[in-house]
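Just so it is clear: in the sequence shown, position 16 is 29 by my numbering, and no numbers are missing.
Before any comments, here is the structure.
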Amino acid sequence: MSNVLVVDDAKFMRLTLTNILTKGKYNVVGEGTDGEQAIKLYRELKPDLVTMDITMPHMNGIEAVRAIIKEDSDAKIIMCSALGQQKLIVEAIEAGAKDFIVKPFDEYRVIEAVKRVLGQ
(Lines of atoms letter the chains of each structure in order from A; the text may use other names.)
(Lines give C-alpha, C1' and ligand atoms only; values in the text may rest on other atoms or scores of the structure.)
Protein backbone atom coordinates (compact mmCIF):
# COMPACT_ATOMS: atom_id res chain seq x y z
CA MET A 14 0.00 0.00 0.00
CA SER A 15 1.45 3.37 -1.04
CA ASN A 16 1.73 6.22 1.44
CA VAL A 17 0.41 9.63 0.41
CA LEU A 18 0.86 13.11 1.90
CA VAL A 19 -2.06 15.48 1.18
CA VAL A 20 -1.26 19.22 1.20
CA ASP A 21 -3.98 21.85 0.79
CA ASP A 22 -4.89 24.94 2.83
CA ALA A 23 -8.61 24.05 2.60
CA LYS A 24 -9.69 21.40 5.12
CA PHE A 25 -12.59 20.38 2.87
CA MET A 26 -10.21 19.66 -0.03
CA ARG A 27 -7.89 17.61 2.20
CA LEU A 28 -10.88 15.63 3.45
CA THR A 29 -12.18 15.05 -0.09
CA LEU A 30 -8.80 13.85 -1.35
CA THR A 31 -8.22 11.69 1.71
CA ASN A 32 -11.60 9.99 1.16
CA ILE A 33 -10.88 9.36 -2.54
CA LEU A 34 -7.38 8.01 -1.81
CA THR A 35 -8.51 5.81 1.08
CA LYS A 36 -11.28 4.35 -1.07
CA GLY A 37 -8.65 3.71 -3.76
CA LYS A 38 -6.62 1.67 -1.21
CA TYR A 39 -3.95 4.32 -0.55
CA ASN A 40 -2.69 5.17 2.91
CA VAL A 41 -2.84 8.89 3.74
CA VAL A 42 0.04 9.32 6.20
CA GLY A 43 -0.22 13.07 6.77
CA GLU A 44 -1.88 16.36 5.91
CA GLY A 45 -0.29 19.77 5.47
CA THR A 46 -1.81 23.23 5.07
CA ASP A 47 1.00 25.13 3.30
CA GLY A 48 4.27 24.68 1.46
CA GLU A 49 6.43 24.94 4.57
CA GLN A 50 4.49 22.13 6.24
CA ALA A 51 4.68 20.11 3.02
CA ILE A 52 8.50 20.18 3.10
CA LYS A 53 8.67 19.39 6.83
CA LEU A 54 6.19 16.49 6.53
CA TYR A 55 7.89 15.15 3.40
CA ARG A 56 11.18 14.91 5.32
CA GLU A 57 9.51 13.25 8.32
CA LEU A 58 7.11 10.88 6.58
CA LYS A 59 8.96 10.04 3.35
CA PRO A 60 5.68 9.42 1.48
CA ASP A 61 5.54 7.61 -1.88
CA LEU A 62 3.46 10.45 -3.28
CA VAL A 63 2.39 14.01 -2.45
CA THR A 64 -0.75 15.80 -3.64
CA MET A 65 0.05 19.51 -3.51
CA ASP A 66 -2.27 22.48 -3.86
CA ILE A 67 -0.77 25.32 -5.91
CA THR A 68 -2.25 28.34 -4.14
CA MET A 69 -1.52 28.35 -0.39
CA PRO A 70 -0.47 30.93 2.22
CA HIS A 71 3.14 31.37 3.48
CA MET A 72 4.71 29.25 0.74
CA ASN A 73 2.86 28.17 -2.39
CA GLY A 74 2.87 24.70 -3.89
CA ILE A 75 5.33 25.51 -6.67
CA GLU A 76 7.97 26.76 -4.21
CA ALA A 77 7.40 23.65 -2.09
CA VAL A 78 7.81 21.38 -5.14
CA ARG A 79 11.13 23.07 -5.97
CA ALA A 80 12.37 22.58 -2.40
CA ILE A 81 11.27 18.93 -2.20
CA ILE A 82 12.70 18.03 -5.64
CA LYS A 83 15.98 19.73 -4.67
CA GLU A 84 16.23 17.36 -1.66
CA ASP A 85 14.79 14.30 -3.42
CA SER A 86 14.90 14.30 -7.21
CA ASP A 87 12.75 11.14 -7.24
CA ALA A 88 9.88 12.74 -5.30
CA LYS A 89 6.49 12.06 -6.87
CA ILE A 90 4.22 15.09 -6.62
CA ILE A 91 0.80 15.67 -8.18
CA MET A 92 -0.38 19.28 -8.27
CA CYS A 93 -3.97 20.21 -7.45
CA SER A 94 -5.30 23.29 -9.17
CA ALA A 95 -8.47 25.18 -9.83
CA LEU A 96 -9.65 25.64 -13.40
CA GLY A 97 -7.90 28.48 -15.19
CA GLN A 98 -4.49 27.93 -13.56
CA GLN A 99 -2.80 26.50 -16.68
CA LYS A 100 0.17 28.86 -16.43
CA LEU A 101 0.79 27.78 -12.83
CA ILE A 102 0.40 24.11 -13.76
CA VAL A 103 3.08 24.46 -16.45
CA GLU A 104 5.34 26.17 -13.91
CA ALA A 105 4.72 23.35 -11.40
CA ILE A 106 5.52 20.64 -13.97
CA GLU A 107 8.72 22.50 -14.91
CA ALA A 108 9.57 22.63 -11.18
CA GLY A 109 9.34 18.84 -11.01
CA ALA A 110 5.70 17.89 -10.41
CA LYS A 111 4.76 14.70 -12.26
CA ASP A 112 1.09 15.37 -13.00
CA PHE A 113 -1.88 17.53 -12.00
CA ILE A 114 -5.52 17.10 -11.04
CA VAL A 115 -8.17 19.78 -11.29
CA LYS A 116 -10.68 20.86 -8.65
CA PRO A 117 -13.45 19.92 -8.14
CA PHE A 118 -11.89 16.47 -7.93
CA ASP A 119 -13.13 13.68 -10.13
CA GLU A 120 -12.58 10.43 -8.20
CA TYR A 121 -11.64 8.43 -11.30
CA ARG A 122 -9.20 11.09 -12.53
CA VAL A 123 -7.50 11.34 -9.13
CA ILE A 124 -6.92 7.58 -8.89
CA GLU A 125 -5.75 7.39 -12.52
CA ALA A 126 -3.19 10.16 -11.92
CA VAL A 127 -1.95 8.51 -8.71
CA LYS A 128 -1.59 5.11 -10.42
CA ARG A 129 0.24 6.66 -13.37
CA VAL A 130 2.68 8.64 -11.23
CA LEU A 131 3.38 5.65 -8.97
CA GLY A 132 3.79 3.40 -12.03
CA GLN A 133 0.98 1.05 -10.99
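Positions of the beta carbon are idealized from the N, C-alpha and C atoms, including for glycine.
So, helix, strand or coil for residue 73, using DSSP?
Within the sequence shown, the letter at position 60 stands for residue 73. If DSSP states are grouped into helix, strand and coil, residue 73 belongs with coil.
Just how far apart, CA to CA, sit residue 47 and residue 109?
The count along the sequence shown starts at 1 and reaches residue 47 at position 34. The count along the sequence shown starts at 1 and reaches residue 109 at position 96. Spanning the two alpha carbons is a distance of roughly 18 Å.
Considering residue 18, what are the terminal residues of the beta strand (DSSP E) in which it resides?
Residue 18 sits at position 5 when you count from the first residue of the sequence shown. Segment 16-20, the beta strand (DSSP E) holding residue 18.
Select from 28, 68, 49, 15 the residue whose C-alpha is nearest the C-alpha of residue 118.
What you label residue 118 is simply residue 105 of the sequence shown in a count that begins at 1. When each option's Cα is compared against that of residue 118, the closest is 28.
Tell me the DSSP secondary structure of residue 135 in three-state form.
In the structure as shown, the chain starts at 14 and stops at 133, and residue 135 therefore has no counterpart that could be examined.
By the 10 Å Cβ neighbour count, where 16 or more other Cβ atoms means buried, how is residue 32 classified, buried or exposed?
If you number the sequence shown from 1, residue 32 lands on position 19. Result: exposed.
DSSP has residue 92 in a bridge; who is on the other side?
Mapped onto the sequence shown, residue 92 falls at position 79. In the DSSP output, where bridge partners are listed per residue, residue 92 has 65, 113.
Check whether residue 101 and residue 75 have beta carbons under 8 Å apart
What you label residue 101 is simply residue 88 of the sequence shown in a count that begins at 1. What you label residue 75 is simply residue 62 of the sequence shown in a count that begins at 1. Going by C-beta atoms, residue 101 is nearer than 8 Å to residue 75.
So what does residue 41 bridge to, in DSSP terms?
Indexing the sequence shown from 1 puts residue 41 at position 28. Its beta-bridge partners are 17.
Label residue 89 either buried or exposed according to how many other C-beta atoms from any shown protein chain fall within 10 Å of its C-beta, with 16 as the threshold for buried.
Against the sequence shown, residue 89 aligns to sequence position 76. Buried.
Backbone secondary structure at residue 46 - three-state DSSP:
For the purposes of this step, residue 46 is identified with residue 33 of the sequence shown, where counting begins at 1. Coil, per DSSP.
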